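Some notes on the structure that comes next.
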Amino acid sequence: MTKRDLAAALVAASLLIGPAVSAQWRPGGRMRIILLVDSSTTVSTMITHFRAGLADFLDELPGDPEIAVVTTGGQLRLRVGPTSDRAALLAAARAFSSDGGGNSLLETLIEADQRFLKSAPDRRPVFVILTTDNASGLGDVRVDAYNKFLDGFLARGGRAHAIVVRQLASGMTSRIVENLTTNTGGFFEAVGLPNPVPKIMRTLAGYVAADQ
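Counting with the numbering used here, you get residues 1351 to 1562 for the letters of the sequence shown.
See below:
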C-alpha cells in the first residue's frame, strides 16, 4: 500500500466517523490514561526534553486517574502498569531512555488498547501520545487494523491527544496520530524541535484535566 493509499483510507475514516465523535464521548467515570511514548533511535538526541515533558505532564495533571506508561521502540514495552501512584510514574518519567529500533507506534497503539483499555470497561480510555516522525514510510501499514481499532475506541468513548516532533515533511506517523486525535476531538500539535515539548505537555495536561 502506498502513502497515497493510506492517506485516502484515513481521510475516508475521518469523513465517516468524525461527525459522530461528540455523541460517542461519555463524560464522567474514572480515566485510564495510556501515556504512549516514542523510544525509538530517533529519540536518543531528545531524551532531556522528553523526560522533562513527561514529568511536567504528570506534575500538572490534577486528580487521581490511572496512568500506564508504554514505549514504542521496536515493540511495546510496558514501563509502568496502570496505577495512580504518581511517585512511581514520575520516577519512570525521569528514568526514560531510548530503546532503539524503529517507532512501532501503530502496533503499540493497538496492543496497548487491547491489553490495558479494553480490559477495563469501567474506565474512560485516553491516549496521550508523545512521538517523533522522521517522514519515512511505514512499510505494510495495517490500515484495516487501524480502522477497526478506531471504530472500537470511539464506541467506548475514547479520547486521544498527541504531540509530534517532526521536520517540515511529515510521514505516516503524523497522518495516523492526527487522524486519531481529530476523530476523538483531542489535542494535537506538531513541532519542529523537541525544545517546546515540556511546555506543550503542560498545556496538554490541561486538556486532559478538562475531561475529568
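Every residue gets a Cβ at the ideal spot worked out from N, C-alpha and C, and that includes glycine.
Remember, it's a predicted structure, so these values are computed and weren't measured experimentally.
- Shortest Cα-Cα distance from D1388 to any of L1426, G1413, A1470 and G1521 involves L1426.
- The Cβ-Cβ distance between V1558 and V1430 does not fall below 8 Å.
- Restricting attention to G1451, L1385 and T1395, the CA atom closest to the CA of T1433 is found in L1385.
- Assignment of R1473 by DSSP, reduced to helix, strand and coil, places it in the coil class.
- Taking a 10 Å sphere around the C-beta of G1450, we find fewer than 16 other C-beta atoms and assign the residue as exposed.
- For V1493, the enclosing alpha helix (DSSP H) covers residues V1493 to A1505.
- Per DSSP, R1382 lies in no alpha helix (DSSP H) segment; the continuous beta strand (DSSP E) that holds it begins and ends at M1381 to V1387.
- Here N1545 is exposed, its C-beta having fewer than 16 other C-beta atoms within 10 Å.
- Contact fails between the stretch 1412–1424 and the stretch 1495–1513, because fewer than three Cβ pairs, one in each stretch, are under 8 Å apart.
- Taking the CA atoms as reference points, V1541 sits about 20 Å from S1448.
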